[in-house]
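Below is one structure, written out as structure tokens; the observations come after it.
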Amino acid sequence: MLERFKVPEKDRVYVAQQRMRAVTEAMFRHNGVSVKDAEISADVLMKN
Numbered sequence: 080m081l082e083r084f085k086v087p088e089k090d091r092v093y094v095a096q097q098r099m100r101a102v103t104e105a106m107f108r109h110n111g112v113s114v115k116d117a118e119i120s121a122d123v124l125m126k127n
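The opening residue of the sequence shown carries number 80 in my numbering; numbering runs sequentially from there.
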């Protein structure tokens with residue numbers, strides 16, 4: 080990763096993976112994505 084894209088340690092925000100996943104799935108569901116597809120999409124985002 081290029082240095083200019085790295086977030087300094089003092090500015091980083093850490094979120095528990097389970098909470099981030101739940102919110103991500105909820106956002107997909109809120110926008111009409113099926114439960115299965117919301118789970119798959121959240122998987123992709125959490126693993127990349």
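By construction, the Cβ of each residue, glycine as well, lies at the ideal position given by its N, Cα and C atoms.
Just so it is clear, the structure is predicted and the values come from calculations on it, not from any experiment.
Could you pull out every residue in the same chain whose Cβ sits closer than 8 Å to the Cβ of residue i, ignoring the five residues on either side in sequence?
i	result
Ala121	Arg100, Thr103, Glu104, Phe107
Val112	Ser120
Which residue wins for smallest C-alpha separation from residue i, given the options the options?
i	options	result
Val123	Asn110, Gln96, Gly111, His109	Gln96
Go through the region 83 to 122 residue by residue and report every complete run of the alpha helix (DSSP H) that reaches 4 residues or more, in order.
As far as the region 83 to 122 is concerned, its whole alpha helix (DSSP H) runs of at least 4 residues are 96 to 109.
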